[in-house]
Amino acid sequence: MTDDSAPTSALGSDTWLGANEYESGSALHTRATNFLSTAKWDVLADIASKHRGGMSCQYEDKFSVGHFNMVRRIVFEDGVNWVARVRLPNENMFAGREELEDSKTMEIEVASMKFFRRETSIPVPEVFDYNTSRENDAGAPYILMEYIHGNVALELRQAKSCAPQLFGTPEQDRKFREQMAQIQATAASFKFPQIGSLYYNKETDDFYIGPEPQTGKGPWASSTEYYDDLVNHLLKGTIKKDDLKQNQSFMVPTILNHLMRLYGEEKTGPFRLTNRYFGAHNILVNDDFDIIGLIDFDGVMSAPLEVVAQYPELSFLQVDPPGITYSHPAAIERVKLTAPRLEEYKRLLGTFESRGGDVTQEVAGHLGSTSASIYQGMQAFAQHQDFVNEKWMKSCLKMLQEYAESL
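Spelled out as structure tokens, the structure:
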């Protein structure tokens with residue numbers, strides 16, 4: 001087995017795979033290579049140079065690309081490093097997942113980074129310049145921001161061939177999860193009167209709540225209004241899928257919304273701040289799995305308690321749908337391994353909530369709750385996967401039966 005504490009051969013942008021993230025000849029591979037060759041990178045370099053008094057800079061050859069953005073590292077002649085994060089062209093393959101226009105989504109990302117840098121010690125990149133219009137001189141929405149030399153936690157543990165469910169050694173894993181809990185508790189300590197995403201007002205140098213990306217709607221004064229719009233968005237996306245709309249599981253969002261009315265506890269504000277996509281796939285770490293930066297902020301929003309009370313994604317903290325059991329040995333073993341990690345993370349989150357002044361540990365107390373699971377089911381349905389929907393259909397039946405038995 002690989003020594004999890006041994007240094008990794010590559011960190012940061014040295015590990016970026018560029019278009020090779022995708023199969024050669026695929027639509028995503030072609031999209032990435034075309035954009036790399038046609039984007040106005042020289043314009044962005046000039047903008048970056050002007051921000052530093054005309055100091056010359058150049059791009060590194062390697063780049064990173066996802067479904068929505070391309071990232072390139074900029075190196076100035078004095079050794080300072082930035083990144084240019086540029087929005088890719090809209091593609092039909094991702095249509096319907098999110099309703100908000102690109103420019104607004106980027107505004108949310110910028111506002112969230114500015115907020116966390118100003119109000120907290122959470123490690124986020126500094127934003128030096130941005131433009132959310134596709135009609136700008138660069139030809140695409142962009143953010144010029146600080147470069148953080150680290151690896152995505154999920155990718156680093158794979159590179160190190162870490163033991164099952166661990167990020168590094170047991171001690172590194174404990175420290176990593178403790179830092180995650182501290183970040184989640186810090187974000188949740190901020191409260192707002194409405195539900196929605198975070199925006200920044202340049203004129204007043206202040207923040208406010210506005211529409212969120214998934215539904216394209218908001219802000220909302222109550223959780224009931226938010227869940228109604230979320231469920232309508234889910235149904236709207238699924239009705240376009242011929243294979244899914246014919247199944248009984250098409251009813252899952254509506255049933256979950258009814259269950260949320262029964263089990264949800266927080267109907268009106270104030271609401272807490274959270275990042276719906278917080279997890280090991282959006283966390284940058286050094287070689288010892290210390291958290292040195294967060295990335296991808298479009299999921300930051302002021303939200304009801306059950307939205308905030310979610311375990312970090314892709315961090316081996318999976319909570320199964322209520323009432324679902326397994327017979328396969330691998331699944332049984334996974335549940336067995338995960339259970340103590342869930343309890344430990346809940347304890348860590350509660351500890352940091354208490355240190356921040358919330359002695360009730362309200363968010364930690366609702367991790368794994370029925371209402372938190374109901375919201376988890378809503379987001380799982382958005383994946384448009386039949387087997388996932390069927391699993392949640394069974395869970396809905398179990399939850400309804402349990403509620404009826406309690407009457």
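Each residue of the sequence shown is one higher than the one before, counting from 1 in UniProt numbering.
We put the beta carbon where it would ideally sit given N, CA and C, even for glycine.
- Taking a 10 Å sphere around the C-beta of D42, we find fewer than 16 other C-beta atoms and assign the residue as exposed.
- The stretch 161-177 makes no contact with the stretch 131-145, as fewer than three CB pairs between them are under 8 Å.
- Contact between E99 and Q214 holds, since their C-beta atoms are separated by about 7 Å, short of 8 Å.
- Spanning the alpha carbons of Y199 and F207 requires a straight line of approximately 6 Å.
- Counting only the Cα atoms, F278 lies some 10 Å from I183.
- For the alpha helix (DSSP H) assignment, the uninterrupted runs of no fewer than 4 residues enclosed by the stretch 286-323 are, from N- to C-terminal side, 305-308.
- Between the C-alpha atoms of K336 and L154 there is a straight-line separation of about 21 Å.
- By the C-beta density criterion, I324 is exposed, having fewer than 16 other C-beta atoms within 10 angstroms.
- Here V359 is exposed, its C-beta having fewer than 16 other C-beta atoms within 10 Å.
- Here E23 carries a coil assignment [DSSP, helix/strand/coil].
- Here G210 has G196, S197, Y199, G218, P219 as same chain residues with Cβ atoms under 7 Å from its own Cβ, once five neighbours each way along the sequence are excluded.
- Around the beta carbon of K50, a 10 Å sphere encloses fewer than 16 other beta carbons of the protein chains shown; the residue is thus reported as exposed.
- Of the other Cβ atoms in all chains shown, 16 or more fall within 10 Å of the Cβ of L284; this residue is therefore buried.
- Spanning the alpha carbons of Q318 and V124 requires a straight line of approximately 26 Å.
- Beyond the five residues adjoining it in sequence on each side, V65 comes within less than 7 Å, by CB distance, of G18, A19, E21, A32 in the same chain, given in chain order.
- In the DSSP assignment, K267 falls outside any alpha helix (DSSP H) and carries neither an H nor an E.
- Residue pairing by DSSP puts E146 in a beta bridge opposite W82.
- Counting along the chain, N201 sits inside the beta strand (DSSP E) bounded by residues 196-201.
- If only uninterrupted alpha helix (DSSP H) runs of at least 4 residues are considered, those enclosed by the stretch 310-389 are 329-355, 362-366, 370-381.
- Under the three-state reduction of DSSP, L284 is assigned to strand.
- Considered as a whole, the stretch 168-248 harbours 170-188, 223-238, 242-245 as its complete alpha helix (DSSP H) runs of no fewer than 4 residues, in chain order.
- With 16 or more other CB atoms across the displayed protein chains lying within 10 angstroms of its CB, Y227 is buried.
- Relative to D288, the option among T238, N232, H149, A364 whose CA is nearest is H149.
- Excluding sequence positions up to five before and after Q194, its CB lies within less than 8 Å of the CB of I209, G218, P219, W220, A221, G269, F271, S302, all in the same chain and listed in chain order.
- Judged by DSSP in its simplified three-state form, C162 adopts coil rather than helix or strand.
- Judged by DSSP in its simplified three-state form, E77 adopts coil rather than helix or strand.
- Inter-residue distance for Y59 and L44 is about 10 Å (C-alpha atoms, whole angstroms).
- Between the C-alpha atoms of S133 and E107 there is a straight-line separation of about 10 Å.
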